Amino acid sequence: MKLQKELLSKNWSWNELEEIQEIGLVKAVRHAYTNSPFYRQLFNETGLNPGKIEGKANFNQIPFTTKNDLRQAYPYGMTAVPLEKILRIHASSGTTGKPIVAGYTRTDLNWWSEAVARICAMAGVTTKDIAQVSFGYGLFTGGFGLHYGLEKLGATVVPFSSGNTERQLSLMKDFQTSVLVSTPSFALYMAETASNLGYDPLDFQLKIGLFGGEPCSEAMREEIEKKWGLIATVNYGLTEVVGPGVAGECPHKTGMHILEDLYYPEIIDPESGAVLPDGHSGELVLTPLLKEGFPVLRYRTGDITRLIAEKCSCGRNIRRMDYITGRSDDMIIIKGVNVFPSQIEEVLAGFKEVSPHYQLILHKTRGTIKDLEVQVELTPEGFTDRYKALEALERRIKQSLRSTLSLGPRITLMEPGSLERTTGKAKRVVEKEKEDI
Ligand code: DLL
21 MKLQKELLSK NWSWNELEEI QEIGLVKAVR HAYTNSPFYR QLFNETGLNP GKIEGKANFN
81 QIPFTTKNDL RQAYPYGMTA VPLEKILRIH ASSGTTGKPI VAGYTRTDLN WWSEAVARIC
141 AMAGVTTKDI AQVSFGYGLF TGGFGLHYGL EKLGATVVPF SSGNTERQLS LMKDFQTSVL
201 VSTPSFALYM AETASNLGYD PLDFQLKIGL FGGEPCSEAM REEIEKKWGL IATVNYGLTE
261 VVGPGVAGEC PHKTGMHILE DLYYPEIIDP ESGAVLPDGH SGELVLTPLL KEGFPVLRYR
321 TGDITRLIAE KCSCGRNIRR MDYITGRSDD MIIIKGVNVF PSQIEEVLAG FKEVSPHYQL
381 ILHKTRGTIK DLEVQVELTP EGFTDRYKAL EALERRIKQS LRSTLSLGPR ITLMEPGSLE
441 RTTGKAKRVV EKEKEDI
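This note's numbering numbers the first residue of the sequence shown as 21 and each following residue consecutively.
Structure, rendered in structure tokens:
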């Protein structure tokens, strides 16, 4: 209980935060230059003197680090300590190319678990809670990251890992699990499965959802909250920076508080790289301040968001990041029109007849996208065998998408439950070459 109080009450004045960040940035640069082969080479090649970086004022002289840089450093080119000091390795899933390898020293594991504990406490988790971790345990940072954070907080942890939905549900009921830790799409899938198995999800003891690892639209959040009768909070993080434990919501749900004493956030224009002021939307760039094993400076996350500086009603001074509206690299260009999957999701959320389950099929001919198909599932209430009603719904969705995107994609309405569910991150975009159609 004492630790939870400490974690919750951890608040800084603006001046204190400023000082922590100024000192932290100088130390992070010094450590990276002195110990990371990658940064030594970067500073030497660009002729930038790391000793001249005095903090925020001239921090933007440091070139960005990209996913590609990390891939090229595979496996240990970013490691800034002797390998024997690395106690654990995680890696990004990396469907294409080499994965990104993240090595953690004992110090890293300590501050990381405390960071995650703070995110959990911020969402309202206490030592009295029983938390079921339904993220995969393995190279993915979600399972172990949340596990050690929750343990540090003092909650009771059920390390279930992902998959095996029926058994998850039965233990969740028997153990009186009060906190569900998963991707939002898996939380929704679990609720559906519970109903299909004849359980009423509202009979479970769930009170809080700690959801992360993928976007969660407001429609999806509402659906999860309604089905499970819990407060759904979202949290954000990425392997390259540490894993989960970068930012999370308090119960006011007005954006995710960034642990600014541990990470220095910047928002940049993804095209020009210019730093944008608070409130402007752009790509999030993060510099972890304490990272020892695998330091990164000005890492381009690819995630599009904005920083919110206004004080939150919870009293915390740290800034919030808004919900991710897309990734700079998930823009789809169809017939010269730029489309983000999140725009489509937002339009679909306006139709009560369709569920939050959707998939975008990019039909390609010799590598070029020729056609976009939006497959969307009807809700059980929206499902009907009246052809005319379905046709009219399809037309309304198409019109609405056309006015938002300037593009009228093909709409395919699917029966409830027909799109494939995953136990981890949902796959929203699927590419199909013509021969596959
Ligand atoms: O997903 C770390 C994590 C695990 C965060 C569990 C929260 C909970 P990666 O697999 O490296 O790490 O994927 C990182 O996932 O750059 C975002 O694009 C996306 N992402 C993560 N959290 C959110 C979120 C983990 N709350 C990538 N909202 C990031 C939207 C998210 N996107």
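Note that beta-carbon positions come from the ideal geometry of N, C-alpha and C, so glycine has one too. Remember, predicted model here, so these are calculated numbers, not experimental data.
_Extent of the continuous alpha helix (DSSP H) to which A207 belongs_ = As a first step, residue 207 must be located in the sequence shown, where it is residue number 187. Start and end: 204-216.
*Is N88 helix, strand or coil by DSSP?*
Locating residue 88 in the sequence shown gives position 68, where the first residue counts as 1. Secondary structure of N88 (DSSP, three-state): helix.
*asked:* Can you list, in chain order, the residues of its chain with a C-beta nearer than 7 angstroms to that of I457? Leave out the 5 residues immediately preceding and following it.
replied: Working through the sequence shown from its first residue, we reach residue 457 at position 437. Confidence at I457 is low in this model, with a pLDDT of 48, below 50, so the placement of that residue should be treated as unreliable; the coordinate-derived value is given next. Excluding positions up to five away in sequence, the list reads H383.
*Roughly how many angstroms lie between the CA atoms of I287 and R441, to the nearest whole one?*
Position 267 of the sequence shown, counted from the start, is the residue given in the question as residue 287. Position 421 of the sequence shown, counted from the start, is the residue given in the question as residue 441. Between I287 and R441, the C-alpha separation is close to 33 angstroms.
*Which value, in whole angstroms, describes the spacing of the CA atoms of L279 and F314?*
Counting from one through the sequence shown, the residue named residue 279 turns up at place 259. Counting from one through the sequence shown, the residue named residue 314 turns up at place 294. Distance between the alpha carbons of L279 and F314 is about 19 angstroms.
*asked:* Would you say the beta carbon of D323 is closer than 8 angstroms to some non-hydrogen atom of ligand 1?
replied: Locating residue 323 in the sequence shown gives position 303, counting from the first residue. Flag set: Cβ of D323 near ligand 1.
_For the stretch 150-157 against the stretch 103-110, do three or more pairs of beta-carbon atoms, one drawn from each stretch, fall closer than 8 angstroms, so that the two count as touching?_
no
*Is E260 near ligand 1, with its Cβ less than 8 angstroms from a heavy atom?*
Taking the sequence shown and counting its residues from 1, the one referred to as residue 260 is at position 240. Because some heavy atom of ligand 1 lies under 8 angstroms away, the Cβ of E260 counts as near it: yes.
*asked:* Can you list, in chain order, the residues of its chain with a C-beta nearer than 6 angstroms to that of T461? Leave out the 5 residues immediately preceding and following it.
replied: What is shown of the chain runs 21 to 457, which leaves residue 461 out entirely.
*Could you name the residues of the same chain whose beta carbon sits closer than 7 angstroms to that of L410, not counting the 5 residues immediately before and after it, in chain order?*
Locating residue 410 in the sequence shown gives position 390, counting from the first residue. Closer than 7 angstroms at Cβ, skipping near neighbours: T404, L433.
_Quick check for students: name the residue ranges of the beta strand (DSSP E) that lie wholly in the stretch 43-123, counting only runs of 3 or more._
108-111
_With a threshold of 8 angstroms, are at least 3 pairs of Cβ atoms found where one atom belongs to the stretch 219-233 and the other to the stretch 197-206?_
By the criterion of at least three beta-carbon pairs nearer than 8 angstroms, the stretch 219-233 is in contact with the stretch 197-206.
*Sequence-distant residues of its chain with Cβ nearer than 6 angstroms to I431 (five each side left out)*: As a working mapping, residue 431 is identified with position 411 in the sequence shown. Once the five neighbours on either side are set aside, the close Cβ partners of I431 are V394, E414, I417, K418.
*Does the stretch 70-83 come within contact of the stretch 208-224, defined as at least 3 CB pairs closer than 8 angstroms?*
no
*Spatial neighbours of D281 within its chain, please: CB distance less than 6 angstroms, with the 5 preceding and 5 following residues excluded, ordered by chain position.*
Position 261 of the sequence shown holds residue 281. Cβ neighbours of D281 beyond the five flanking positions: I40.
_N78 versus P376: straight-line alpha-carbon distance, rounded_ = As a working note, residue 78 is residue 58 in the sequence shown. As a working note, residue 376 is residue 356 in the sequence shown. In a straight line, the C-alpha of N78 is about 44 angstroms away from that of P376.
*Cβ-heavy atom distance, P290 to ligand 1, below 8 angstroms*: Counting from 1 along the sequence shown, the entry for residue 290 is found at position 270. P290: no, Cβ never under 8 angstroms from ligand 1.
_Closest to R50 by C-alpha separation, out of V374, L421, V316, would be which residue?_
Here residue 50 refers to the residue found at position 30 when the sequence shown is read from its first residue. Nearest C-alpha to R50: V316.
_DSSP-derived helix/strand/coil call for T388_ = The residue labelled residue 388 in the question sits at position 368 within the sequence shown. Looking at T388 - three-state DSSP - the assignment turns out to be strand.
*asked:* For T274, which residues in the same chain have their Cβ closer than 7 angstroms to its Cβ, ignoring the five residues on either side in sequence?
replied: Here residue 274 refers to the residue found at position 254 when the sequence shown is read from its first residue. Result list for T274: C332, R340, in chain order.
*If S458 and V357 are in contact, beta carbons under 8 angstroms, what's the gap, nearest whole angstrom?*
This structure does not reach residue 458, given that the chain is present from 21 up to 457, and the question cannot be answered.
*Do A175 and T213 come within 9 angstroms of each other at the CB atom, strictly closer than that value?*
For the purposes of this step, residue 213 is taken as residue 193 along the sequence shown, with counting starting at 1. For the purposes of this step, residue 175 is taken as residue 155 along the sequence shown, with counting starting at 1. No, they are not a contact pair.
_Counted within 10 angstroms of its Cβ, other Cβ atoms place S33 as buried (16 or more) or exposed_ = Here residue 33 corresponds to residue number 13 of the sequence shown, with the count starting at 1. Exposed is the call here.
*Please name the residue, chosen from D128, Y283, V178, that lies closest to E42 on a Cα-to-Cα basis.*
Within the sequence shown, the letter at position 22 stands for residue 42. Out of D128, Y283, V178, Y283 has the C-alpha closest to the C-alpha of E42.
*Nearest-angstrom Cα distance between A122 and T307?*
Reading the sequence shown from its first residue, position 102 is the one you call residue 122. Reading the sequence shown from its first residue, position 287 is the one you call residue 307. Our two residues, A122 and T307, have alpha carbons roughly 15 angstroms apart in a direct line.
*Taking just the CA atoms, how far does G67 sit from L447?*
For this step, residue 447 is matched to residue 427 along the sequence shown. For this step, residue 67 is matched to residue 47 along the sequence shown. Residue identity differs from the one stated: residue 447 is Lys in this sequence, not Leu. Their Cα atoms are separated by approximately 42 angstroms.
*Whole-angstrom Cβ separation of G165 and W132, contact assumed at under 8 angstroms?*
Against the sequence shown, residue 165 aligns to sequence position 145. Against the sequence shown, residue 132 aligns to sequence position 112. Confirmed, Cβ separation roughly 7 angstroms.
*Less than 8 angstroms between the CB of A199 and some heavy atom of ligand 1, yes or no?*
Along the sequence shown, read from residue 1 onward, the residue named residue 199 stands at position 179. Inspection of the sequence shows that residue 199 is occupied by Val rather than by Ala. Answer for V199: no, Cβ out of range of ligand 1.
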